[in-house]
Amino acid sequence: MKRYIIKLILPIIAVLLSIAAYYGLSDSGKQKATDYPYYVYLMLIVSVIYIVAVIASIFVKKIRVIITDKAPLLTGIIIFIALINTVTTKTTILPTLYFPSLDRIIAIIYEQRQFLLENIFSSFRLLITGFIWGAVTGFLTGLALGYNKSVGYWLNPVTKFIGPIPTTAWIPLALSVFPTTNSANIFLIAFAVWFPVTLMTSSGIQSTNQVHFEVSSTLGASTLYKVLHVAIPSAMPSIFLGIFYGTVSSFATLMAVEMNGNSSGIGWYINWQKQVMMYDGVYAGLIIIAVLCSLILTLLFKVRDRILVWQKGVIKW
Amino acid sequence: MVGNISIQNVRKEFVNQDSTQENIVALNDFTLDIQPGEFVSLIGSSGCGKSTLLRLIGGLDRPSSGSIVLDGKEINKPGSDRGFAFQGSNLFPWLTVEQNISFGLKARHIYKDHKQDVQDFINLIGLNGFEKSYPHQLSGGMNQRASLARALVGHPKVLLLDEPLGALDAFTRMNLQDEILKIWQQHGMTMIMVTHDVDEAIYMSNKVVVMSARPSKVEAVIDIDLPRPRARAQDTFQVYRSKILDILNLGGDIAAIDYQI
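If you want it as structure tokens, here you go:
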């Protein structure tokens with residue numbers, strides 16, 4: 005019982021220590037001052053959320069389990085952030101230009117929120133459009149390749165030849181062939197998703213247990229019914245893997261196209277901030293990307309858990 | 025419901041991909057007549073073509089020559105008039121027990137009118153309470169039950185069983201043998217079962233068909249004239265046992281010693 009309480013108090017102690025260090029130690033004076041102590045605000049927000057969760061955990065068992073499990077991790081994260089903040093603001097060990105204080109990074113996220121949201125929205129729209137095109141065409145090509153032998157014969161060499169080309173190598177050609185930059189970008193992202201989805205769909209369909217096709221034949225299923233109700237569901241775990249690889253490579257492609265000739269989006273924002281030597285903006289952009297990509301993958305795995313309830317976990321996220 | 029199967033001079037040859045090797049002749053000049061409602065077991069040494077014959081009756085393969093006729097119609101493709109329970113359960117892992125059992129009805133678009141059948145078969149094989157479970161959550165025996173129900177729910181005229189109980193432990197096996205017999209007695213379909221187990225064949229069948237080694241034909245057909253329900257430890261059992269083992273050239277001294285005890 006006692007250990008349990010100590011565990012729960014740890015994050016609060018860490019927050020208090022980090023605030024004490026923030027005010028107690030004298031600044032090196034090299035970092036540009038911000039209008040407000042954003043770092044302290046962040047710490048306070050974290051503490052308030054944490055305390056609310058602790059109170060809720062008295063009543064809800066699920067929250068209690070999560071919170072006792074994650075309290076030491078949260079403590080560690082707070083201490084790590086406090087260390088970074090102390091090193092950047094209280095010492096001159098690291099060059100101030102490349103390592104801005106957390107106050108400044110949080111200030112950028114807060115003060116430029118409108119502008120950042122516009123860029124996030126722009127990136128997101130591009131990503132989703134490209135992803136849907138790539139996933140749908142990839143699924144259909146994979147299905148045709150995997151199920152039909154003669155389609156496989158003619159299309160497989162094409163896929164094998166074109167597929168492995170890194171998406172970024174297409175950028176110069178795509179930009180000149182497509183009528184608008186936006187359509188070129190959509191193509192590039194779609195391409196990044198298309199190849200892994202095609203490959204994994206086709207291999208998933210091909211590795212369908214032959215006996216399952218035979219069972220469904222003896223049960224009176226038509227060919228179409230077998231494709232829809234045997235081949236596709238049985239290939240689902242593999243198709244999901246393809247979508248997962250595709251999503252990860254679509255993030256990379258998104259950044260690459262936004263940094264090449266785009267004029268909006270988070271990737272563009274990071275590149276622009278770097279060019280004007282505003283490294284606080286670069287970090288702000290990186291943090292936003294980390295949160296977004298992580299959220300998208302979490303969502304993807306939630307969808308998978310729904311669809312693949314019948315399967316025991318393969319990749320954990 | 026009828027279920028008369030007439031197998032006439034069937035030959036099945038497997039073309040060897042490697043052209044230097046000779047083709048494998050699994051069945052040659054195989055002739056057998058199976059009456060409606062009979063329980064027939066196919067027994068023979070491993071690799072003698074028992075499963076091949078079952079697949080031909082199921083329509084999963086075509087004979088190289090000869091014909092297999094079900095109730096006057098030549099078999100050339102799989103059909104729902106023949107249920108097939110495969111070796112191992114082979115349930116669709118992405119479907120629940122209930123969805124697995126109703127698969128055939130849905131594929132044939134007759135599920136709406138036969139919903140009750142699904143529940144009836146779930147009750148019959150004692151899987152009530154597990155309707156919503158996935159195959160990986162069930163034991164091997166339960167999987168096998170569900171797979172039997174899946175093959176039976178469309179009321180086939182013939183049920184083909186390819187070593188359906190091979191992978192189960194002895195007790196589950198005996199239990200399921202009794203349940204298969206119960207279903208057979210209730211529904212009266214023709215049963216054709218491939219098995220390696222002489223005791224199982226004697227316990228369950230009206231007729232045991234002993235197949236010769238490859239290329240296989242009918243070596244002997246033994247009628248089992250024992251009243252039902254049968255007792256597994258009955259003396260007459262041993263008579264049939266040694267008779268079948270003798271035909272399979274496995275009788276030898278072992279059977280004799282067995283018999284004296």
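Just so you know, the sequences run in chain order S and F.
To convert, count from 1 in the first sequence and add 4; that's the numbering used here.
To convert, count from 1 in the second sequence and add 24; that's the numbering used here.
Where is the CB? At the ideal position from N, CA and C, for every residue including glycine.
For clarity, every value in this text was computed on a predicted model and none was experimentally measured.
Buried versus exposed call for residue i [16 or more other C-beta atoms within 10 Å across all chains shown]
{"i": "residue 120/F", "result": "buried"}
{"i": "residue 126/F", "result": "buried"}
{"i": "residue 135/S", "result": "buried"}
{"i": "residue 283/F", "result": "Note that residue 283/F has pLDDT 47, beneath the 50 cutoff, so the model's placement of it is unreliable and no number is given."}
{"i": "residue 40/F", "result": "exposed"}
{"i": "residue 233/S", "result": "buried"}
{"i": "residue 213/S", "result": "exposed"}
{"i": "residue 118/F", "result": "buried"}
{"i": "residue 313/S", "result": "exposed"}
{"i": "residue 107/S", "result": "buried"}
{"i": "residue 44/F", "result": "exposed"}
Residue-level contact to chain S via CB, residue i, 8 Å cutoff
{"i": "residue 128/F", "result": "yes"}
{"i": "residue 27/F", "result": "no"}
{"i": "residue 303/F", "result": "The structure shown does not extend to residue 303/F, since chain F spans only 25 to 285, so no value can be given for it."}
{"i": "residue 132/F", "result": "yes"}
{"i": "residue 47/F", "result": "no"}
{"i": "residue 100/F", "result": "no"}
{"i": "residue 188/F", "result": "no"}
{"i": "residue 87/F", "result": "no"}
{"i": "residue 286/F", "result": "Not covered by the structure: residue 286/F. The range shown for chain F is 25 to 285."}
8 Å Cβ cut-off: residues of chain S touching residue i
{"i": "residue 178/F", "result": "223, 224"}
{"i": "residue 135/F", "result": "Those within 8 Å of residue 135/F in chain S number zero; the least Cβ separation is about 12 Å."}
{"i": "residue 264/F", "result": "None at all; the shortest Cβ gap to chain S is about 31 Å."}
Residue j beta carbon less than 8 Å from that of residue i
{"i": "residue 244/F", "j": "residue 216/F", "result": "no"}
{"i": "residue 146/F", "j": "residue 172/F", "result": "no"}
{"i": "residue 261/F", "j": "residue 226/F", "result": "yes"}
{"i": "residue 131/S", "j": "residue 193/S", "result": "yes"}
{"i": "residue 222/F", "j": "residue 66/F", "result": "no"}
{"i": "residue 22/S", "j": "residue 82/S", "result": "yes"}
{"i": "residue 288/S", "j": "residue 113/S", "result": "yes"}
{"i": "residue 175/F", "j": "residue 116/F", "result": "no"}
{"i": "residue 47/F", "j": "residue 90/F", "result": "no"}
{"i": "residue 4/S", "j": "residue 274/S", "result": "In the structure displayed, chain S extends from 5 to 321; residue 4/S sits before or after that span and is not available."}
{"i": "residue 87/F", "j": "residue 35/F", "result": "yes"}
{"i": "residue 164/F", "j": "residue 191/F", "result": "yes"}
{"i": "residue 54/S", "j": "residue 78/S", "result": "yes"}
{"i": "residue 156/S", "j": "residue 149/S", "result": "yes"}
{"i": "residue 105/S", "j": "residue 96/S", "result": "no"}
{"i": "residue 199/S", "j": "residue 224/S", "result": "no"}
{"i": "residue 219/S", "j": "residue 114/F", "result": "yes"}
{"i": "residue 286/F", "j": "residue 212/F", "result": "Since the displayed chain F opens at 25 and closes at 285, residue 286/F lies outside it and no answer follows."}
{"i": "residue 101/S", "j": "residue 281/S", "result": "yes"}
{"i": "residue 232/F", "j": "residue 207/F", "result": "no"}
{"i": "residue 112/F", "j": "residue 234/F", "result": "no"}
{"i": "residue 228/F", "j": "residue 209/F", "result": "no"}
Nearest-angstrom beta carbon gap, residue j and residue i [assumed within contact, 8 Å]
{"i": "residue 83/F", "j": "residue 106/F", "result": "7 Å"}
{"i": "residue 251/S", "j": "residue 202/S", "result": "Contact flag wrong, Cβ pair sits at about 15 Å."}
{"i": "residue 60/F", "j": "residue 27/F", "result": "4 Å"}
{"i": "residue 111/S", "j": "residue 45/S", "result": "The pair is not a contact, with the Cβ atoms about 10 Å apart (cut-off 8 Å)."}
{"i": "residue 185/S", "j": "residue 257/S", "result": "Going by Cβ atoms, the distance from residue 185/S to residue 257/S rounds to 14 Å, so no, they are not a contact pair."}
Contact with chain F by residue i, beta-carbon distance below 8 Å
{"i": "residue 242/S", "result": "no"}
{"i": "residue 308/S", "result": "no"}
{"i": "residue 215/S", "result": "yes"}
{"i": "residue 229/S", "result": "yes"}
{"i": "residue 207/S", "result": "no"}
{"i": "residue 314/S", "result": "yes"}
{"i": "residue 318/S", "result": "In this prediction, residue 318/S has a pLDDT of 48, which is less than 50 and means its spatial position is unreliable; nothing more can be read from the coordinates."}
Proximal residues of chain F, C-beta to C-beta of residue i below 9 Å
{"i": "residue 151/S", "result": "What residue 151/S touches in chain F: nothing, since even the nearest Cβ is about 17 Å away."}
{"i": "residue 218/S", "result": "79, 82, 84, 102, 108, 110, 114"}
{"i": "residue 276/S", "result": "Here the premise fails: no neighbours, minimum Cβ distance about 48 Å."}
Listed by chain order, chain S residues near residue i by CB distance under 7 Å
{"i": "residue 334/F", "result": "This structure leaves residue 334/F out entirely; chain F is present only between 25 and 285."}
Neighbour list for residue i in chain F, Cβ cutoff strictly below 7 Å
{"i": "residue 237/S", "result": "118"}
Proximal residues of chain F, C-beta to C-beta of residue i below 8 Å
{"i": "residue 198/S", "result": "Those do not exist, as residue 198/S stays about 25 Å from chain F at its closest Cβ, beyond 8 Å."}
Residue i Cβ short of 7 Å to the ligand ADP heavy atom set
{"i": "residue 97/F", "result": "As for the ligand ADP, it is missing from this structure, which has no ligand bound."}
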